[in-house]
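S.K.:
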Amino acid sequence: MKFPQKHTLEQIATILNIEYVGDSEFPVFGLNEIHVVEPGDIVFVDHPKYYDKALESAATIILINKRVDCPSGKALLISDDPFRDFNKLTKFFKPFEKAVNAIAETASIGINTIIQPNCFIGNNVKIGDNCLIHSGVTLYDNTIIGNNVTIHSGAILGADAFYYKKRETGFDKLLSGGRVVIHDHVDIGAACTIDKGVSGDTIIGWGSKLDNQVHIGHDTQVGERVLIAAQTGIAGCVIVENDVVIWGQVGIASGVTIKEKAVIFGQSGVGRTLEGGKSYLGSPAEDSKKKFRELASIRQIPYILEQIKK
Numbered sequence: 001m002k003f004p005q006k007h008t009l010e011q012i013a014t015i016l017n018i019e020y021v022g023d024s025e026f027p028v029f030g031l032n033e034i035h036v037v038e039p040g041d042i043v044f045v046d047h048p049k050y051y052d053k054a055l056e057s058a059a060t061i062i063l064i065n066k067r068v069d070c071p072s073g074k075a076l077l078i079s080d081d082p083f084r085d086f087n088k089l090t091k092f093f094k095p096f097e098k099a100v101n102a103i104a105e106t107a108s109i110g111i112n113t114i115i116q117p118n119c120f121i122g123n124n125v126k127i128g129d130n131c132l133i134h135s136g137v138t139l140y141d142n143t144i145i146g147n148n149v150t151i152h153s154g155a156i157l158g159a160d161a162f163y164y165k166k167r168e169t170g171f172d173k174l175l176s177g178g179r180v181v182i183h184d185h186v187d188i189g190a191a192c193t194i195d196k197g198v199s200g201d202t203i204i205g206w207g208s209k210l211d212n213q214v215h216i217g218h219d220t221q222v223g224e225r226v227l228i229a230a231q232t233g234i235a236g237c238v239i240v241e242n243d244v245v246i247w248g249q250v251g252i253a254s255g256v257t258i259k260e261k262a263v264i265f266g267q268s269g270v271g272r273t274l275e276g277g278k279s280y281l282g283s284p285a286e287d288s289k290k291k292f293r294e295l296a297s298i299r300q301i302p303y304i305l306e307q308i309k310k
């Protein structure tokens, strides 16, 4: 998430009322999660296990809960609770805007685009040309829709990320300041849900097609010409590369990559990165040819046991 304009390290520290290490004029351009950070970004870290990863990342400002040696060319923000202060910055730079109309005045809708009755189009939403948005669709603030996109009834784009920190008092929510971005020629089925990024974008690539009741988690990136069948659930921060086919009721864990032209058969569970150009089956998902051979072997067990008895 980029700020509207450049800020200084001192300005950010003043907003949070915390100490900093580095030049007071050190430039700050935004804040992001570790997997999408760029120079000029703030990243937060609150566990020693991940200190090195944050300090060595592309981020040049590290919001951290311990005073450590500051790498050359970087700056530190010292906080007793980086999670809380990351949320403070999200609230400051991306505050919630109350809706006053079903279609916000700040929404942009392209030519020949049809918005059916009973849709909600939030603040700063952009919809391209020749789109069809069916009744009952909800597009949260800042959602971006390309050209020639069809979204069926009941779809919800831009809900918050499912991201919590467990504390003694319960669960604290990490606030979402990102967006959903839908590229051209995408079809989104009825009752699909696509969560916005925590700080970056959740992306559905050119020409991809989602069946009914598909869920896409925060910051996930779906490539071009991807087919996803009904009741599939994809967690946050997943990368689905081009020309992948995912059949019904597949579950995909956070942070994995499904490489180009992979095919995942229905009801499979994916907990690791899958190589491209192969088909997969089962839970955990494995090479389908191997899995079918295993299933065929299992069916022989009663016969083998009977022969042993004889």
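Heads up: the sequence shown begins at 1 in the numbering used here, then just goes up one per residue. Glycine residues also receive a C-beta, built at the ideal position from the N, C-alpha and C atoms.
So the alpha helix (DSSP H) residue 52 belongs to, where does it begin and stop?
M.R.: What you label residue 52 is simply residue 52 of the sequence shown in a count that begins at 1. From DSSP, the alpha helix (DSSP H) with residue 52 extends over 51–55.
S.K.: Can you tell me the Cα-Cα spacing of residue 85 and residue 172, whole angstroms?
M.R.: The residue labelled residue 85 in the question sits at position 85 within the sequence shown. The residue labelled residue 172 in the question sits at position 172 within the sequence shown. Residue 85 and residue 172: Cα-Cα distance of roughly 12 Å.
S.K.: If you scan the segment 21–109 from start to end, which runs of the beta strand (DSSP E) of 3 or more residues do you find wholly inside it?
M.R.: Counting only runs of 3 or more, we get 27–31, 41–45, 61–64, 75–78.
S.K.: Helix, strand or coil: which one does DSSP assign to residue 8?
M.R.: Against the sequence shown, residue 8 aligns to sequence position 8. Strand at residue 8.
S.K.: Starting from residue 305, trace the alpha helix (DSSP H) both ways and give me its first and last residue.
M.R.: Reading the sequence shown from its first residue, position 305 is the one you call residue 305. Unbroken alpha helix (DSSP H) run through residue 305: 301–309.
S.K.: Exposed or buried, what is residue 46 when buried is set at 16 or more other beta-carbons lying within 10 Å of its beta-carbon?
M.R.: The residue labelled residue 46 in the question sits at position 46 within the sequence shown. When all chains shown are included, residue 46 counts as buried.
S.K.: Should residue 21 and residue 75 be called a contact, given that it needs their Cβ atoms to be closer than 8 Å?
M.R.: As a working note, residue 21 is residue 21 in the sequence shown. As a working note, residue 75 is residue 75 in the sequence shown. Going by C-beta atoms, residue 21 is nearer than 8 Å to residue 75.
S.K.: At a Cβ threshold of 8 Å, is residue 185 touching chain D?
M.R.: Included in the structure is just one protein chain, with no chain D present.
S.K.: Quick check on the burial criterion: 16 or more other C-beta atoms within 10 angstroms. Buried or exposed for residue 80?
M.R.: For the purposes of this step, residue 80 is taken as the residue at position 80 of the sequence shown. Classification of residue 80: exposed, given that the 10 Å Cβ count is below 16.
S.K.: Could you say which of 188, 104, 133, 72 lies nearest to residue 226 if we only look at CA atoms?
M.R.: Taking the sequence shown and counting its residues from 1, one reaches residue 226 at position 226. Nearest of 188, 104, 133, 72 to residue 226, Cα basis: 188.
S.K.: What whole-angstrom Cβ distance do residue 223 and residue 244 have, given they're in contact under 8 Å?
M.R.: Residue mapping note: residue 223 aligns to position 223 of the sequence shown, counting from 1. Residue mapping note: residue 244 aligns to position 244 of the sequence shown, counting from 1. About 7 Å separates the two Cβ atoms, so the contact holds.
S.K.: So if DSSP puts residue 279 in a beta bridge, which residue, or which two residues, is it bridged to?
M.R.: The residue labelled residue 279 in the question sits at position 279 within the sequence shown. In the DSSP output, where bridge partners are listed per residue, residue 279 has 263.
S.K.: Verify whether the separation of the beta carbon atoms of residue 200 and residue 36 is less than 8 Å.
M.R.: For the purposes of this step, residue 200 is identified with residue 200 of the sequence shown, where counting begins at 1. For the purposes of this step, residue 36 is identified with residue 36 of the sequence shown, where counting begins at 1. Their beta carbons are under 8 Å apart, which means residue 200 touches residue 36 by this criterion.
S.K.: Taking 8 Å as the threshold, find out whether the segment 14–34 comes into contact with the segment 113–122 through three or more Cβ pairs.
M.R.: Contact between the segment 14–34 and the segment 113–122 is absent, because fewer than three Cβ pairs lie under 8 Å.
S.K.: Going by C-alpha to C-alpha distance, which of 177, 291, 287 sits closest to residue 89?
M.R.: Counted from its first residue, the sequence shown places residue 89 at position 89. Minimum Cα distance to residue 89 is reached at 177.
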